[in-house]
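Enquirer:
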Amino acid sequence: MRKNKLLGTPSWAGWLFVTPALVLFTAVVIVPIGWSFYLSLGAWNGLGKWRFTGIANYLNMLGDTVFRQALLNNIFFSLVGSAVQLVVGMAMAVSLISIARFRNVIRVAYFLPAVISSVAISQIFVQLLSADPEGFINGALKSVGLGSFAQPFLSNTGLTLLIVTLVDAYKFCAIYMAIFYSALVSLDQDVLAAAEIDGANWLQQLFLVRLPLIWATIAASVVLVVSGTLRGFDIPFVMTGGGPGTSSELVSTYMYKTLFRQSNFGYGSSLAIFLVIECLLIVVIIRKAFSATEKTG
Amino acid sequence: MVRSSITGKVLRGVAVGALSLAIGATGANAETYHYITAKQPNGPVLQALMDVVAEFKKTHPDFDITLEHIPDRPAYLQKIKILATSGELPELFDADAEPYYEDIVEAGLVANIGEIFDEIGITDKYIPFALDYERFDDGSLWLIPWEANVEYFYYHKDMFEAAGVDPPATIGDFMDVCTTLGESGVTPVSVAGKEGWPMYRYLSMPSWRRMGNEFLDRLKVGEISMGSEAGLEDAQFFQELGANCFQQGFASADYTTALNMFLSGQSAIYYVGTWELHSLLDENSELKDDIAYFKMPIIDENDATGPDDFYAHSGIGTAIRADAATDEMKDFLAFLADRFGDISHHTYGGLPSLKIEVTDEMPQIYKDILADMEAVGEYARVWDVKLDAATVDTLFRQSQLLGLGEITPEQFAEEIDRSIQQYVSGQ
């Protein structure tokens with residue numbers, strides 16, 4: 001029997017430990033993806049027989065103007081949303097480690113949006129941004145003499161995507177604050193003390209010492225935030241339903257409508273497979289980019 | 001030995017217990033029907049239904065209906081579609097006579113309500129348009145209607161008086177009223193542009209006046225274009241409404257927001273069906289002093305439909321799963337036809353799909369509504385029920401853009417035609 005040279009255990013022992021997780025992962029991830037791929041190769045309304053159509057659904061995606069717009073919106077949502085979540089999350093974390101008093105109170109206040117449900121946050125912002133009846137933001141703009149900026153924000157096709165992106169970022173940036181904060185406070189204080197003795201000011205300590213030391217955490221956060229925003233659904237769906245028109249439609253909201261409103265399980269599944277491949281590709285690209293940075297750095 | 005005997009007794013006891021539990025459960029479930037519904041739990045339909053069930057149980061103690069409410073319509077439809085896909089539809093569930101439900105019927109999953117009603121002799125007890133609304137184009141009936149709704153434009157009398165306008169008789173007058181109300185600083189109309197259906201009602205009015213249901217019947221099969229004269233008239237009308245009548249930001253307003261705007265006096269006009277009547281009544285079950293209503297305006301004397309023809313329907317109906325149409329269920333439906341109308345109206349103030357007697361004690365508003373229902377010649381069919389789901393999605397997106405002035409009526413028509421052609425060619 002072959003044995004692990006270091007541990008002296010049989011070679012199948014490792015597989016024994018991995019198997020339960022592997023079975024579970026296969027059942028809840030691999031099988032549904034495989035099933036979706038199968039459905040995407042045909043036409044099916046959920047009733048009756050599935051009819052094989054080959055790659056017709058994927059070809060339809062190329063000519064689908066709603067899908068194209070949703071994809072562009074998704075790229076904007078992901079890029080801007082990720083940047084805001086990471087930058088604001090980092091700023092919040094850095095501000096927390098820079099203060100000594102009331103740190104816990106402020107940390108709880110920062111984290112509050114992350115624990116409120118997406119539907120509640122969406123409804124709060126819908127009310128705040130309302131034009132008729134007048135919401136708080138339009139009322140405030142008028143009361144400070146900026147009435148010319150008052151408008152029905154969620155009916156402005158030029159603003160809705162930006163608004164849902166920022167509200168989504170507002171909810172989730174506290175998650176990245178928590179990740180960055182825990183990484184920053186766990187840094188070796190001796191290293192920071194040495195930098196201070198060497199004459200590094202606060203900014204130099206931040207950019208040249210602290211951030212490089214938590215680079216792995218930042219890399220993992222980028223993967224998390226980008227894959228999260230690519231799958232963004234709840235806040236855009238509740239706030240605008242993807243509208244007006246297709247102005248805030250994302251691939252995920254379009255997929256939902258195709259599957260459950262139109263009962264077009266074939267085309268909806270092809271959109272789902274697209275999302276999976278898109279997420280995987282981008283995660284691979286990000287990981288490659290970070291590993292290249294680590295090597296050159 | 002003793003130990004073995006005790007173990008044997010325990011095992012036998014457990015087996016007998018399990019068997020009796022299983023038999024008991026089977027017995028209890030044999031006449032218990034699970035009903036997944038999108039109706040409001042406190043609305044007249046479900047309250048009256050459960051009262052009828054309670055009465056029926058006095059003579060049929062094993063019969064029962066258990067309710068599962070999912071008032072959020074999209075969530076409800078999602079659940080029903082998933083259950084249909086996995087072959088686990090409940091015994092009773094709500095549906096419209098739309099293309100997807102037609103697929104469910106074709107798959108043989110539900111009972112033919114029309115045949116059952118004829119078999120037990122209750123068809124004549126229903127208001128004809130309430131039954132007709134639930135029928136497919138071939139005349140077959142696969143859904144139980146519960147309500148009889150007519151849709152009106154409700155308005156605040158004092159706002160109209162202050163602006164010096166009268167209820168409009170024609171669509172042209174309607175636009176003038178909007179303009180005058182707007183100039184007097186009042187939001188003319190509140191509409192729930194996030195919901196879809198309120199937009200489609202407005203959108204469809206000109207073509208329905210010009211051609212009756214013929215326009216929709218031909219549009220959905222691609223025989224007439226949205227870019228035709230009638231179709232473009234619809235689109236132009238809707239765009240004008242968006243510019244002159246609807247509240248700012250109508251595209252993001254939901255049902256409750258738009259209704260509350262009207263109820264709180266922040267808009268002058270609100271279009272809704274009689275299912276919302278309870279919100280508009282005072283403690284004597286009459287319309288509130290400040291509120292009155294008018295019917296869908298006409299265009300002119302060349303209209304295909306008259307002033308008494310407008311939107312009248314029975315709302316979302318209820319299907320019975322094919323294997324749940326038992327003799328017991330048929331007995332219940334016969335009992336329901338005798339009792340539901342009276343309980344729904346007299347106890348809960350509803351307007352049932354079953355014929356009810358007009359009495360002197362009845363509040364005037366109900367007498368007027370029942371008279372209007374009686375006078376309806378042709379009732380307008382509903383776009384979001386008759387068109388295919390993909391076209392309804394397109395209609396939703398494009399209607400918002402049209403109302404906001406982001407696209408032209410011609411662009412709107414082009415998108416709707418394209419979607420209908422895709423559906424027709426895929427059939």
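Chains as they are written, first to last, in full-length UniProt numbering: chain V, 1 to 297; chain E, 1 to 427.
Cβ atoms here follow ideal geometry from the backbone N, Cα and C, with glycine treated the same way.
Residues of chain E with CB closer than 7 Å to the CB of D132(V), please, in chain order.
Expert: Within chain E, the residues near D132(V) are T187, Q247, Q248 and G249.
Enquirer: If I measure Cβ to Cβ from Q239(E) and keep anything under 7 Å in the same chain, skipping five residues before and after, which residues do I get?
Expert: L402, G403, G405 and P409, listed in sequence order.
Enquirer: Buried or exposed: which applies to N29(E), given that a residue is buried once 16 or more other Cβ atoms fall within 10 Å of its Cβ?
Expert: Reliability fails at N29(E), whose pLDDT of 48 lies under 50, so the model's placement of it is uncertain and the value that follows must be treated cautiously. Counting Cβ neighbours within 10 Å, N29(E) comes out exposed, since fewer than 16 surround it.
Enquirer: What three-state label does DSSP hand V272(E) in the structure shown?
Expert: Correct three-state label for V272(E): strand.
Enquirer: When you compare each of L275(V), G42(V), A272(V) and L47(V) to I54(V) by their alpha carbons, which one comes out closest?
Expert: Sequence inspection shows Gly at residue 54(V); the Ile mentioned does not correspond to that position. Per the Cα distances, G42(V).
Enquirer: What residue range does the beta strand (DSSP E) around N149(E) cover?
Expert: That run of the beta strand (DSSP E) goes N149 to H156.
Enquirer: Touch check for the region 279–296 of chain E and the region 62–71 of chain E: three-plus C-beta pairs under 8 Å?
Expert: No, they do not touch.
Enquirer: Select from the region 94–124 of chain E all residues with a C-beta closer than 8 Å to any C-beta belonging to chain V, and list them in chain order.
Expert: From the region 94–124 of chain E, only Y100, D103, I104, E106, A107 and L109 have a Cβ closer than 8 Å to chain V.
Enquirer: Per DSSP, what kind of secondary structure is P168(E) in: helix, strand or coil?
Expert: Reduced to three states, the DSSP call for P168(E) is coil.
Enquirer: Considering just the uninterrupted stretch of the beta strand (DSSP E) at A95(E), what are its terminal residues?
Expert: That run of the beta strand (DSSP E) goes L92 to A95.
Enquirer: Taking one C-beta from the region 161–179 of chain V and one from the region 88–101 of chain V each time, how about it: are there three or more such pairs within less than 8 Å?
Expert: The region 161–179 of chain V vs the region 88–101 of chain V: in contact.
Enquirer: Along the chain, which unbroken stretches of the alpha helix (DSSP H) at least 4 residues long are found entirely within the region 171–222 of chain V?
Expert: For the region 171–222 of chain V, whole alpha helix (DSSP H) runs of length 4 or above, ordered along the chain, are 189–197.
Enquirer: On the CB-based measure, 16 or more other CB atoms within 10 Å of its CB, does T194(V) come out buried or exposed?
Expert: It should be noted that the sequence gives Ala, not Thr, for residue 194(V). A194(V) is exposed by the Cβ-count criterion.
Enquirer: Using a cut-off of 7 Å between C-beta atoms, extract the partners of R397(E) located in chain V.
Expert: Here the neighbours are G243, G245 and T246.
Enquirer: Chain V beta carbons: is any one of them nearer than 7 Å to that of G24(E)?
Expert: With a pLDDT of 41 at G24(E), under the threshold of 50, the modelled position of that residue is not reliable, and the figure given next carries that caveat. Chain V, which has no Cβ nearer than 7 Å to the Cβ of G24(E), makes this no.
Enquirer: Between N42(E), P41(E), Q47(E) and A38(E), which lies nearest to L336(E) when the distance is taken from Cα to Cα?
Expert: Among N42(E), P41(E), Q47(E) and A38(E), the Cα nearest to that of L336(E) is on Q47(E).
Enquirer: Can you round the beta-carbon distance between F294(E) and P167(E) to whole angstroms, since I take them to be within the 8 Å contact cut?
Expert: With a Cβ gap of about 4 Å, F294(E) and P167(E) count as contacting.
Enquirer: Would you decide whether S122(V) is buried or exposed? Buried here means 16 or more other CB atoms lie within 10 Å of its CB.
Expert: S122(V) should be labelled buried.
Enquirer: With a cut-off of 7 Å, does the C-beta of L166(V) fall near any C-beta of chain E?
Expert: With 7 Å as the cut-off, L166(V) does not count as an interface residue toward chain E.
Enquirer: Can you give me the Cβ contacts of P307(E) inside the same chain, cut-off strictly under 7 Å, excluding the 5 residues immediately before and after it?
Expert: Within the same chain, P307(E) has close Cβ partners K295 and I298.
Enquirer: Taking beta-carbon pairs under 8 Å, can you tell me which members of the region 285–316 of chain E lie near chain V?
Expert: Result list empty, no residue passes.
Enquirer: On the DSSP bridge assignment, give the partners of L141(E) in chain order.
Expert: Its beta-bridge partners are R135(E).
Enquirer: Where does N29(E) sit, in a helix, a strand or coil, going by DSSP?
Expert: With a pLDDT of only 48 at N29(E), under the threshold of 50, the placement of this residue in the model should not be trusted; the figure read from the coordinates follows. Helix, per DSSP.
Enquirer: I'd like to know if K49(V) contacts chain E, where contact means its C-beta is closer than 7 Å to some C-beta of that chain.
Expert: No, K49(V) does not count as interfacial toward chain E.
Enquirer: Within 10 angstroms of the Cβ of Y110(V), are there 16 or more other Cβ atoms? Answer buried if so, exposed if not.
Expert: Label assigned to Y110(V): buried.
Enquirer: Which residues of the region 373–395 of chain E have a Cβ closer than 7 Å to any Cβ of chain V? Give them in chain order.
Expert: Result list: A389, A390 and D393.
Enquirer: Tell me the DSSP secondary structure of Y35(E) in three-state form.
Expert: Three-state DSSP puts Y35(E) in a strand.
Enquirer: So which residues of chain E does N45(V) contact, with C-beta pairs closer than 8 Å?
Expert: Correct list: Y100 and D103.
Enquirer: Between which two residues does the alpha helix (DSSP H) containing K341(E) stretch?
Expert: Here the sequence assigns Gly to residue 341(E), which means Lys is not the residue at that position. Here the alpha helix (DSSP H) through G341(E) covers D327 to D342.
Enquirer: Buried or exposed for V272(E), please, with buried defined as at least 16 other CB atoms from any protein chain shown within 10 angstroms of its CB.
Expert: Buried, because 16 or more other Cβ atoms sit within 10 Å of the Cβ of V272(E).
Enquirer: Please name the residue or residues paired with Y126(E) in a DSSP beta bridge.
Expert: Answer is L354(E).
Enquirer: Below 8 Å, can you find three or more Cβ-Cβ pairs linking the region 37–47 of chain E to the region 345–355 of chain E?
Expert: Yes, the region 37–47 of chain E is in contact with the region 345–355 of chain E.
Enquirer: Does the beta carbon of P212(V) sit closer than 7 Å to a beta carbon anywhere in chain E?
Expert: Closer than 7 Å: no.
Enquirer: Just the Cα atoms here: how many angstroms apart are residue 298(V) and G81(V)?
Expert: This structure leaves residue 298(V) out entirely; chain V is present only between 1 and 297.
Enquirer: When the cut-off is 7 Å and only beta carbons count, does L83(E) lie next to chain V?
Expert: Chain V contact via Cβ: absent.
Enquirer: Please confirm if the region 114–134 of chain E is in contact with the region 59–72 of chain V, defined as three or more CB-CB distances below 8 Å between the two stretches.
Expert: No: the two stretches stay apart, fewer than three of their Cβ pairs being nearer than 8 Å.
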